[in-house]
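Worksheet: the structure to be examined is printed underneath.
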Amino acid sequence: MAAAARLLIRGANPKLSIAPSSFGATLLKLSPSCSSRTKAQRRHAAHFTFQPDPVPTQYGSTQKMNLFQSVTSALDNTLANDPTAVIFGEDVAFGGVFRCTVGLRDKYGKDRVFNTPLCEQGIVGFGIGVAAAGATAIAEIQFADYIFPAFDQIVNEAAKYRYRSGDLFDCGKLTIRAPWGCVGHGSLYHSQSPEAFFAHCPGIKVVIPRGPIQAKGLLLSCIADNNPCVFFEPKILYRAAVEQVPVEPYTIPLSQAEIVQEGSDLTLVAWGTQLHVLKEVATMAQEKLGVSCEVIDLQTILPWDTETVCKSVVKTGRLLISHEAPVTGGFAAEISSTVQEECFLNLEAPISRVCGYDTPFPHIFEPFYIPDKWKCFDAIKRMINY
Amino acid sequence: MAALSNLSKMSGLCLRAARQAAGLTASRLLQRRALRVTAVQLQQPFDSSLEKPQFPGASAEFVDQLEFIQPNVISGIPIYRVMDRQGNIINPSQDPQLSKETVLNFYQKMTLLNTMDRILYESQRQGRISFYMTNYGEEGTHLGSAAALEPTDLVFGQYREAGVLMYRGFPLDLFMAQCYANADDLGKGRQMPVHYGCRDLNFVTISSPLATQLPQAAGAAYAIKRENMNRAVICYFGEGAASEGDAHAGFNFSATLECPLIFFCRNNGYAISTPTNEQYRGDGIAARGPGYGMLSIRVDGNDVFAVYNATKEARRRAVAENQPFLIEAMTYRIGHHSTSDDSSAYRSVDEVNYWDKQDHPISRLRHYMTARGWWSEDDERSWRKQSRKTVMEAFERAERRLKPNPELLFTDVYHEMTPGLSKQRESMWRHVQQYKEHYPLDLYEK
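From first to last, the protein sequence lines are chains Y and C.
Using my numbering, the first residue of the first sequence is number 72, and each one after it goes up by one.
Using my numbering, the first residue of the second sequence is number 536, and each one after it goes up by one.
Shown next, in the form of structure tokens:
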């Protein structure tokens, strides 16, 4: 796994894959056929446009951070304020393969930021033990794709620890962070969005931020929360998303969706990177169809904020849910079914799900696989004309 | 060059000799550890001019002969014993010299556990509780190890370690409450019988998935090490559970992260119906320890003093040196795997009888006590009567008690009650009120 991971890390560096290198630029001039291929790659690598949130004013001074830096900032705040807190996983000591833990080992010591052997079931089991002994455990799984070896520890152990012991023991101080979602060229095992597997598991919380500000606030909430949390970080945003993030600690409440944009004709729900896709789709719908969309960032997958979503659908009468993960058994199914139950009399069209196809996540076909803005836009068109 | 290769041959021979030597005593293990540490330190300076291996992954010499390392399973790691089957101390230097009160306590707790096992086993056969697992033949491993620990040491178990709780003073009423899942159960009636847990006695609640507790114990030991409060963690598991991936994780994590942890393996020969020759082909579990860089020992699990000595020393060193220890206690599972299993389907009655009649931890300790005049036939008779009475009284109290309020089905899923769960709880109550004649409401607390 580490070998595979390292392959991607080189590719994930935007200097190599998104911005053309000087070597690539030379090729570009030399060969016209090459240039068109480079352009094609550049286009599909950015299937969304990140727009920074307004600068938060209520938490003191801010600093320009990308998503990986805001994660580091949250971890830094935690280690500074909680002497029991430890961070561990594969390759976190030198700063992590995505740079999320850079500098923390030097600042807080090697007994607090350390590498583990390469074994995901061990990492989560170890984290549960740290938390059960009363310390704050922040475990990293290198890619969400590699969280499955720890599925047993998460589902049978972490999620049920408090319930089965009658609250004698718990692992509420455990947070598992993992890079998540598509990245342009991650193929089967560096692209997955496994949130729905965990959504079927009472006892854990599953949280996904859409940008640096939410990443820090939600991660600090996960760490402070008294329940084991799985925090998925959209890795395509690690470097791409940059905004002003408060330097001091602050929290954004869990299980609370955020209405990112108000609208009256249609509700759009997504999380992570897909939220940015839907924001763009909302603009397209307004411009091309004159449709006013309400855009909601769900933020917490489990336990999710039914109230905000249902309220919005009661108002708009239409709902489109979009996620990168495969459609069958995806979390959109849960949202769709609940909204149908709660808002039956308000719905004016069938609820639409624009998701990944029911295939493994492909390599070269990624542009055709992902639920991009055109697929979402087309779905809106059909819903409006229903 | 020639000198080097000679040297490497010699060290190879020495190592082989060490492997084949019958007695792998603690002191020899200690030497090995010392060797290992020196070797690791030697590995650090990189000098490309030397004609010796520079690979970062291991510290070793070259050899110029092709030779596979052979596992030694015929003459395995020896089994440490303090007293023989008649309760005689074999080597006086190994006698832990425990006081009469301590030994009597061992014996009474072992037999009390045995009595509780018999009564609860029968109660399952009569359908009064849904499930049970006895501890027959393994009482010595529980008591001997528990007594060697501090009460503050954290225990992670599998499910056949009730004697550890018994030693720590877990009341019979609470054992019964858990099995009956009544309103007194600390676990609120949510888990199957024998899934005990007790915060006050530092005994982490048992769960059914095997070996999941091993890496957890490593994590807890790591956190405890950072607290620096002179505490250790002990983690029990069977030889079958040791085949799980989590066992590998737990061993390796605890060694690389230097955790004050004792892995205590109960090797009782069977995992349900699977005999050990279908479980592994190496020299049991103890032989795996050195592969992880872990100090390891094998003890006679029917010898409560051998278990006590090994655990005591492992505990002392685990805390002092922040490193894990592995104890493999050889025993025999005399009872069925559980009440859902009939072990005569896969093993002979003669085999079971041997261990029950001729090599049992309880009878061995009794021989030891009788020889010292600490225990008589009369003592035995009156203790049997008294312990049976105590167990029966707790049993009857537990059976009469109501089950917990069904409300508790919904709490503790999360630390807080979530809106979704709260809705489901109201929905259940609405339904149950409407259809109350179809639900056993009178058996539950209101």
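Cβ coordinates follow ideal geometry from the N, Cα and C atoms, glycine included.
All values reported here derive from a predicted model rather than from experimental measurement.
Item	Value
Local Cβ density within 10 Å of Val-598(C), reported as buried at 16 or more and exposed below that	exposed
Under 9 Å between C-beta atoms of Thr-207(Y) and Thr-143(Y)	no
Tyr-531(C), DSSP secondary structure in three states	Absent from the structure is residue 531(C), since the part of chain C shown begins at 536 and ends at 981.
Candidates His-394(Y), Lys-386(Y), Lys-452(Y) and Phe-268(Y): closest to Gly-334(Y) by CA position	Lys-386(Y)
Under 7 Å (Cβ pairs) to chain Y, residues found in the segment 766-781 of chain C	Gly-780 and Asp-781
Reference Ala-356(Y), options His-394(Y), Trp-445(Y), Trp-342(Y) and Val-410(Y), closest by Cα	Trp-445(Y)
Straight-line Cα distance separating Phe-710(C) from Thr-791(C)	37 Å
Interface positions of the segment 907-930 of chain C facing chain Y (Cβ-Cβ less than 9 Å), listed along the chain	none
Asn-670(C) (DSSP reduced to helix, strand or coil)	coil
Minimum length 3: unbroken beta strand (DSSP E) runs contained in the segment 243-307 of chain Y	245-251, 276-278 and 300-305
Length of the line joining the Cα atoms of Ala-117(Y) and Ala-328(Y)	25 Å
Under the three-state DSSP convention, the category Asp-336(Y) falls into	coil
Residue-level contact to chain C via CB, Asp-153(Y), 9 Å cutoff	no
Residues, ordered as in the chain, of the segment 236-262 of chain Y that lie near chain C by beta-carbon distance below 8 Å	Ser-236, Gly-237, Asp-238, Leu-239, Phe-240, Asp-241 and Gly-243
Exposure label - Ala-151(Y); buried when at least 16 CB within 10 Å	exposed
6 Å Cβ shell around Arg-833(C) - same chain, five flanking residues per side excluded	Ile-612, Ile-614, Ala-821 and Glu-863
Check whether Glu-228(Y) and Val-163(Y) have beta carbons under 9 Å apart	no
Backbone secondary structure at Gly-773(C) - three-state DSSP	strand
Extent of the continuous alpha helix (DSSP H) run through Leu-700(C)	697-703
Inter-residue Cα distance where the pair is Val-782(C) and Leu-749(C)	Here residue 782(C) is Ala; the residue named in the question, Val, does not match the sequence. Cα to Cα, Ala-782(C) sits roughly 6 Å from Leu-749(C).
CB contact check: Ser-93(Y) to chain C, cutoff 9 Å	Because the pLDDT at Ser-93(Y) is just 41, under 50, the model does not fix this residue reliably, and the point stays unresolved.
Test: Arg-823(C) CB closer than 9 Å to a CB of chain Y	no
Burial state of Phe-603(C) (16 or more Cβ within 10 Å)	exposed
Cβ contact (3+ pairs, closer than 8 Å) linking the segment 794-802 of chain C and the segment 850-866 of chain C	yes
Test: Lys-306(Y) CB closer than 9 Å to a CB of chain C	no
Cα-Cα separation between Asn-897(C) and Cys-800(C), rounded to whole angstroms	It should be pointed out that residue 897(C) corresponds to Ile in this sequence rather than to Asn. Going from the Cα of Ile-897(C) to the Cα of Cys-800(C) covers about 20 Å.
Stretch-stretch touch, CB-based, cutoff 8 Å, three pairs: the segment 373-389 of chain Y with the segment 261-279 of chain Y	yes
CA-to-CA distance, Leu-944(C) to Lys-981(C), given in whole angstroms	13 Å
Minimum C-alpha distance to Glu-365(Y) - residue among Tyr-179(Y), Asp-216(Y), Leu-391(Y) and Glu-358(Y)	Leu-391(Y)
Beta-carbon proximity list for Asp-147(Y), same chain, < 6 Å, skipping 5 on both sides	none
Bridge-paired residues (DSSP) for Pro-397(Y)	Gly-427(Y)
For Phe-691(C) and Gln-751(C), the rounded distance between their alpha carbons	8 Å
Beta-carbon neighbours of Phe-269(Y), restricted to chain C and to distances below 7 Å	Within chain C, no residue comes near Phe-269(Y); the closest Cβ sits about 14 Å away, beyond 7 Å.
Straight-line gap, Gly-773(C) to Ser-873(C) (C-alpha atoms, nearest Å)	14 Å
Within chain C, partners of Asn-298(Y) - CB distance below 7 Å	Tyr-949 and His-950
Status (buried if at least 16 other CB within 10 Å, exposed otherwise) for Trp-890(C)	buried
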